[in-house]
Amino acid sequence: MRNKRTMTLAALSIGALMLSACGSAGGTAETPASEGAEENLASTINIAISQAPTAYNGGTAATNAVYNTYVDNLTTSSWVAFNADGNLEKNEEFGTYEKTSDDPLTVKYTINEDAVWSDGTAIDFDDVLLQWAAFSGTHPSGETDAESGEEADLFLASSTNGFGQMEMPEGEPGAKEFEVVYSEPYADWESVMSTSLMPAHIAAEQAGLSADGDGAELIEAIQSDDTETLTPVAEFWNTGWNYEADLPTLPDTELLPSSGPYKLDNATNGTLTLVKNDQYWGEERAGKTDTIVFKTIVDEEAVQALQNGDVDIIEPSSPTVDTKTALEQIGETVTVDTGQSLTFSHVDLDQRPGAVFEDLKVRQAFAACIPRADMVDKFVTPVDPSGSVLNLHEYQPAQADYETVLDGAPAAQGDGVADIEKAKSLLEEAGKTEPVKVSMMFASTSQLRADQVALVKDSCDQAGFEITPQPEAEWSAKLSQPGAWDAVVFGWAGSGLVASGESIYVSEGEQNFGGYADDEVDRIWGEIVTNTDTEQVIPLKTELEQRLAETQYNVVLYANPNIAGYSSKLEGVELNPTQTGITWNAYSWTKQN
Numbered sequence: 127m128r129n130k131r132t133m134t135l136a137a138l139s140i141g142a143l144m145l146s147a148c149g150s151a152g153g154t155a156e157t158p159a160s161e162g163a164e165e166n167l168a169s170t171i172n173i174a175i176s177q178a179p180t181a182y183n184g185g186t187a188a189t190n191a192v193y194n195t196y197v198d199n200l201t202t203s204s205w206v207a208f209n210a211d212g213n214l215e216k217n218e219e220f221g222t223y224e225k226t227s228d229d230p231l232t233v234k235y236t237i238n239e240d241a242v243w244s245d246g247t248a249i250d251f252d253d254v255l256l257q258w259a260a261f262s263g264t265h266p267s268g269e270t271d272a273e274s275g276e277e278a279d280l281f282l283a284s285s286t287n288g289f290g291q292m293e294m295p296e297g298e299p300g301a302k303e304f305e306v307v308y309s310e311p312y313a314d315w316e317s318v319m320s321t322s323l324m325p326a327h328i329a330a331e332q333a334g335l336s337a338d339g340d341g342a343e344l345i346e347a348i349q350s351d352d353t354e355t356l357t358p359v360a361e362f363w364n365t366g367w368n369y370e371a372d373l374p375t376l377p378d379t380e381l382l383p384s385s386g387p388y389k390l391d392n393a394t395n396g397t398l399t400l401v402k403n404d405q406y407w408g409e410e411r412a413g414k415t416d417t418i419v420f421k422t423i424v425d426e427e428a429v430q431a432l433q434n435g436d437v438d439i440i441e442p443s444s445p446t447v448d449t450k451t452a453l454e455q456i457g458e459t460v461t462v463d464t465g466q467s468l469t470f471s472h473v474d475l476d477q478r479p480g481a482v483f484e485d486l487k488v489r490q491a492f493a494a495c496i497p498r499a500d501m502v503d504k505f506v507t508p509v510d511p512s513g514s515v516l517n518l519h520e521y522q523p524a525q526a527d528y529e530t531v532l533d534g535a536p537a538a539q540g541d542g543v544a545d546i547e548k549a550k551s552l553l554e555e556a557g558k559t560e561p562v563k564v565s566m567m568f569a570s571t572s573q574l575r576a577d578q579v580a581l582v583k584d585s586c587d588q589a590g591f592e593i594t595p596q597p598e599a600e601w602s603a604k605l606s607q608p609g610a611w612d613a614v615v616f617g618w619a620g621s622g623l624v625a626s627g628e629s630i631y632v633s634e635g636e637q638n639f640g641g642y643a644d645d646e647v648d649r650i651w652g653e654i655v656t657n658t659d660t661e662q663v664i665p666l667k668t669e670l671e672q673r674l675a676e677t678q679y680n681v682v683l684y685a686n687p688n689i690a691g692y693s694s695k696l697e698g699v700e701l702n703p704t705q706t707g708i709t710w711n712a713y714s715w716t717k718q719n
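Numbering (the working numbering) for the sequence shown: 127 to 719.
Right under this line is the structure:
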């Protein structure tokens, strides 16, 4: 076995993509090698993925998952992307941008003149304006959200971070240049346009609008805030690009044009096939392998699939010591890379009015009885000996500023050892005389999550809780359903940005699934996202961590170890610590026959 260890660079923040060990086994179809392949290279690379992709549009609250990002890395293009160091890297094959003013913050963007969707349609201003409309939260539907009492937006975007501070972009139909102005500074302004564009001409046509005139009819509807016209556009954007559960097949591929080096070709039983995009205009990011196949394989079966040659690379979402041991036993035919990631496991709590964890003392009692240190000993250090209990939300132990922030947030400090007596005392203070019943949701396909919940039950049932494990195949779809769970264990995958986590913590945040609300946290985040002075990040994040701990937002467990195992015939593979994942540069991979 060839083994490499990679240490990632420190990053500032945790982003907002879901990650967990879940999925179902898929097929193992092969694509025949093309004749006369240069340098005796294979024409197909097979990639294991823990859960089947759920949508072509990964920007909605329901589809914002790493399993879609793994595919999007190859089928979409933007001005920037995250590299192996966890830093933003410009993609000038797609276009260029320049900040032209600090007051107000103004950025001029240019799209490559040759940039087209895989169906030949130009990528231009209507795509940009649809992106802004979808993510800005500025198109109210006229209907009231039953949970929040607020008026719901037409577009069900995963987050309004950045776009919510952006005024409507200025441009004309067919334009390859446009300008954006921010109503207030935004810390991560360079990353805003890393969000994948969706093909506006497809959304327009599916909503009954004309795509002629470079999308002029759609542009006019957005600019004039025509709710009646935009409603069917938003409905299609929200769900029209979704796949059936477990990906038995793809929708009509004419609805799924690509802006990246690969395009979607077909799917069957959880196996998704991409082929080179013959309309891709770039050279540096052009695909080097004819066909990329994603195969849905649960983590517990991934190593065997790699050993059998059914797949060429695996990156289990929640690797265990069994994963590491099994990979080490394969031998020289497999290379294993290990390193730190920005992904962490945590337990979120439903704390809406009337919910189990509405009372702060009950939340604190639950946190006290969860055996976090025991989890680290069982699930982390056998894979990564440097692993430890996680006490912060926006920083992880491997990051340079972790200890500095933790020293300034005493409420967040602790060794993670379960304290049953403290939990009992807190429940008594809360006036709980009967066992507090908690339904704890987790991915039904993940043995690791099941084992974690079992540990919580063994410990917290002694403290006065009554934990009922709640395995769910479609757990991610239930996250945003009030009352569907009391507690849930899953993971966030990080982006390495300053402000990207805002929607997880602020009141009414799109990814604040437990209904947490705190005016002080909202205020602090307001300062973070509008702050372009990097020296102020640490003090503000320290203040944030102290308040999140005082109010027991949730229970953070540990930073997930990162392992990728792949055929030694593969070249070009590099770990990426961010939510982008292992396929961040898969367009450049090659495999020797």
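Note that CB positions come from ideal geometry on N, CA and C, so glycine has one too.
Proximity of residue i and residue j at Cβ, strictly below 9 Å
i      : j      : result
VAL582 : PRO497 : yes
ILE423 : SER176 : yes
LEU400 : VAL614 : no
MET324 : ASN183 : yes
GLY386 : ASN403 : yes
GLU277 : GLY290 : no
LEU376 : ALA712 : no
PRO383 : TRP258 : no
ASN686 : SER467 : yes
GLU219 : GLU409 : yes
GLY590 : ARG478 : no
THR353 : HIS472 : no
GLN332 : LEU255 : no
LYS717 : ALA371 : no
ALA330 : ALA337 : yes
Close beta carbons around residue i, own chain, < 6 Å, minus the five adjacent residues each side
i      : result
SER570 : PRO597, GLU598 and ALA599
ALA544 : CYS495, PRO497 and SER585
VAL579 : MET566, PHE568 and PRO595
ASP229 : none
ILE173 : PHE420 and ILE439
GLN433 : ILE456
THR232 : THR226 and VAL307
ALA248 : VAL242
Opposing strand residues paired with residue i [DSSP bridges]
i      : result
ASP279 : PRO266
PRO687 : GLN466
THR232 : SER227 and VAL307
THR422 : ILE175
ASN638 : Per DSSP, none; premise fails for ASN638.
MET567 : GLN596 and VAL614
ASN392 : THR399
GLY221 : ILE237
LYS717 : LEU696
ALA741 : It is not possible to answer for residue 741, since the shown part of the chain is limited to 127 through 719.
Separation of residue j from residue i, as counted between CA atoms
i      : j      : result
ILE689 : LYS604 : 28 Å
PRO511 : PHE568 : 26 Å
TYR631 : ALA625 : 11 Å
VAL429 : ASP645 : 47 Å
GLY396 : GLY300 : 37 Å
PRO295 : ALA537 : 43 Å
PHE470 : LEU373 : 27 Å
PHE483 : GLN637 : 18 Å
VAL206 : TRP315 : 11 Å
TRP651 : VAL306 : 23 Å
VAL460 : VAL359 : 47 Å
GLN678 : LEU282 : 28 Å
Segment limits, beta strand (DSSP E) that includes residue i
i      : result
GLN332 : Where GLN332 is concerned, there is no enclosing beta strand (DSSP E), although the alpha helix (DSSP H) it sits in stretches over 326-332.
ASP245 : From DSSP, ASP245 is part of no beta strand (DSSP E); its letter is neither H nor E.
PHE591 : 591-598
Residues of its chain near residue i, where Cβ-Cβ distance is below 8 Å and the 5 sequence neighbours each way are ignored
i      : result
THR236 : GLY221, THR222, TYR223, LYS302 and GLU303
ILE654 : ALA313, VAL624, ALA625, GLU628, VAL663, LEU666, LYS667 and LEU670
SER714 : ARG411, LYS414 and GLY698
Neighbourhood of residue i by C-beta distance below 7 Å, restricted to the same chain and skipping five residues each side
i      : result
LEU701 : THR132, ALA210, ASP463, GLY465, ASN688, ALA690 and ILE708
GLN539 : ASN517 and LEU532
GLU426 : GLN573
For residue i, the first and last residue of its enclosing alpha helix (DSSP H)
i      : result
PHE251 : 251-261
LYS216 : It is not in any alpha helix (DSSP H) - LYS216 instead sits in the beta strand (DSSP E) that spans 214-216.
VAL582 : 573-586
PHE208 : From DSSP, PHE208 is part of no alpha helix (DSSP H) but of the beta strand (DSSP E) over 206-208.
TYR631 : 628-631
GLN672 : 663-676
LYS450 : 447-454
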